[in-house]
Structure formats: C-alpha cells, structure tokens
Amino acid sequence: MTEPFKPGPEAVDLMARETCFQGFYRLDRLTLRHRLFEGGMGPVINRELFVRHDAVCVLPYDPQQDRVVLIEQFRVGAMGKSETPWLLELVAGLIDKDEEPEEVARREALEEADLQLTSLWPITTYYPSPGGSNERVHLFLGRCDSSGAGGVHGLAEEGEDIRVHVVPFEDALALMRDGRLDNAASMLALQWLALNRTEVRGLWT
15 MTEPFKPGPE AVDLMARETC FQGFYRLDRL TLRHRLFEGG MGPVINRELF
65 VRHDAVCVLP YDPQQDRVVL IEQFRVGAMG KSETPWLLEL VAGLIDKDEE
115 PEEVARREAL EEADLQLTSL WPITTYYPSP GGSNERVHLF LGRCDSSGAG
165 GVHGLAEEGE DIRVHVVPFE DALALMRDGR LDNAASMLAL QWLALNRTEV
215 RGLWT
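Counting in this note's numbering, the sequence shown runs from 15 upward without gaps.
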C-alpha cells in the first residue's frame, strides 16, 4: 500500500470565492488550485459549491416488534427521474439553528412522524455528495414504540405533507432490494441495522 496523502494547510490555495445565488440554499463559485499527489500545485480550477446546512437523518426502529418507521413525501429532485416523485425516506431535518444533531433527530421525529424517540444510536456521519456540496449528514437509529404510528404529519407552514408507514424490518429490506427505497440515507441505515440488529435488539429490549 502506498504512503497515504497527508496534505497540510498549504495544500489548497483558495484564490477567490463569490456567491452566485443566495436563497434558502446558497451557490458559491470558487477559484482555486490544490496540491497534486506527485508534488507541486495543480492548475487553477473553478468549482461551483452548493452550500447547505448539515442534515440529520434517523431511522425509527421498534426493537420489540422488529419494525421500522418510514415516511413518504414529495421530492422535487425525483421529478422526471423516478416513476413517482413521492419517495420513502427516513425522518430528516437540517441543523439550521443552534442545535445538536441529537436534538434535531428528536424534534423531526415528532414533527414528521409524531414519534417519541427514547434512545438514539449514532450510525455514522458522511458527505452525500462532496464533489459539489458541503453538506454533512448525521445518521442515527432511533428507538421508538411503533404501536399506533401512522397518519399524515408535518408542518403546514413548511409545506410538509408526510405520510407515515410502519414496516416490518424484513419488508423494508425487500423494498430496498426492489429499488423502491432508493435514497442513500435510508439504504445506509437499513444495511447498518441488518448487520447490527442482534446487538441492537439485545440492548434495546
């Protein structure tokens, strides 16, 4: 194995940064050059960066019933690319206030699914698309009681219209295998739970 690349502070020369668009999200254009693996600095390049708040995604899991809670809502990014732009997903929200990721997970579970999370299990933190966005996602498993879960929830003032589904764990895996659950956070969380389910149920039941 080759020696790992260990860049220092001088590895990136940020020459200019301008904001091209500022709305709920922001788009910046960066002019920069960076160090090459073989040494020296590379050519000047331009990159657009989608500037987003970091996000929190949580898979509510009922260890007693071995069921997960998924939500379904309209997603504009899926228009024209999927059979339907109503996607099955995890409970999720942005860290757009002075909150810890765990606080966001619990708040969003109440707002989007009317669920109380009694414990949180950190799964991982990752960049969903670092080639063009600075968003980082905090992924959790959340312990819940799925009895009585369901219905339509969300904040009307945020245009949310969210339907809740309670799904046996094995059925959720089948949805993923069939391509009906096709977003990264949901797939990561379900695969993690498939690998760690015995330990989770042992500690949470």
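The C-beta atom is built at its ideal place from N, Cα and C for all residues, glycine as well.
For clarity, every value in this text was computed on a predicted model and none was experimentally measured.
Which one of ARG215, GLY37, LEU44, LEU50 has the shortest CA to CA distance from GLY156?
Considering only alpha carbons, the answer is ARG215.
Check the C-beta distance from TRP100 over to GLU86 and give it rounded, since I have them as a contact under 8 Å.
Right, their Cβ atoms sit about 6 Å apart.
Going by C-alpha distance, which of LEU41, LEU50, ALA208 is nearest ARG61?
Closest by alpha carbon: LEU41.
Quick one: what does DSSP say MET93 is sitting in, helix, strand or coil?
Coil, per DSSP.
Quick one: what's TYR140 bridged to in DSSP?
Paired residue(s): VAL151.
Confirm, please, whether the CB-CB distance from ILE109 to VAL70 is below 8 Å.
Going by C-beta atoms, VAL70 is nearer than 8 Å to ILE109.
Could you tell me if ASP76 is buried or exposed, where buried requires 16 or more neighbouring beta carbons within 10 angstroms of its beta carbon?
Answer is buried; the Cβ neighbour count reaches 16.
Would you identify the three-state DSSP class for LEU217, choosing helix, strand or coil?
In this structure, LEU217 counts as helix in the three-state DSSP scheme.
So, helix, strand or coil for SER133, using DSSP?
Correct three-state label for SER133: strand.
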